[in-house]
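Residue 145 in numbering that gives the first Met the number 0 is what sits at position 146 of the sequence shown, and the numbering runs on without skipping anything.
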Amino acid sequence: MATLKSNEQSLEERREALVLREKDLRENEEKNAKRINESDQALTEVKRVEREHESRMNELHVQSEDLARQRQLLAEERKLIAKEKLDIIQNHHAHPKSTPPPNNIVYDLTPTKLSRADLVSSVPVNTAPIPLASNPATVLWSHTAMQDQNYLEDEKFFLEALKHTPYHGTKS
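Structure follows, in structure tokens:
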């Protein structure tokens, strides 16, 4: 009987050990299942973020290509404008009086006697405002006209000053 009891006790100890082992295995299995689930979720999140980054990179690439095309078009447009400006300048130097003024500007050609202060502050009544020029020839013509007008005003002021300056020369 003692052997039977010792065998029973040994079997009971083994059964308890197996139950504990089974419990540990279930806990480890649950932990592993939880880890696998977390890993799957993390992998799904990583793939989502990767798709977002790839989409954003594609969008940036398209924008970069558009910007490069726009820069190229702008450079070509600048070259064309520079060429047109050069042609206008060369044409103006070759034929200085052939560039007609814009048709929408009305000039007041009545002679007046004004001081320099009046010249600076006066605006003729029947002149139309000068629109912003979209044509390079008009811009160049307008700039040249302004320079000529400034020069004539300075000369007129100088001549007026000479009229009022006494000249007392001594004859010997």
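Glycine included, each C-beta is placed from N, C-alpha and C at the ideal position.
- DSSP, reduced to helix, strand and coil, places N57 within a helical segment of the structure shown.
- Rounded to the nearest angstrom, the gap between the Cα atoms of W140 and L161 is 31 Å.
- In the structure shown, N27 falls within a helical segment according to DSSP collapsed to helix, strand and coil.
- Collapsing the DSSP output to three states places T164 in coil.
- One thing to note: A136 has its Cβ no nearer than 7 Å to the Cβ of I88.
- It is roughly 12 Å from the alpha-carbon of E12 to the alpha-carbon of R20.
- Per the coordinates, the alpha-carbon of H52 lies some 16 Å from the alpha-carbon of S63.
- A straight line joining the alpha-carbon of L59 with that of K84 spans about 36 Å.
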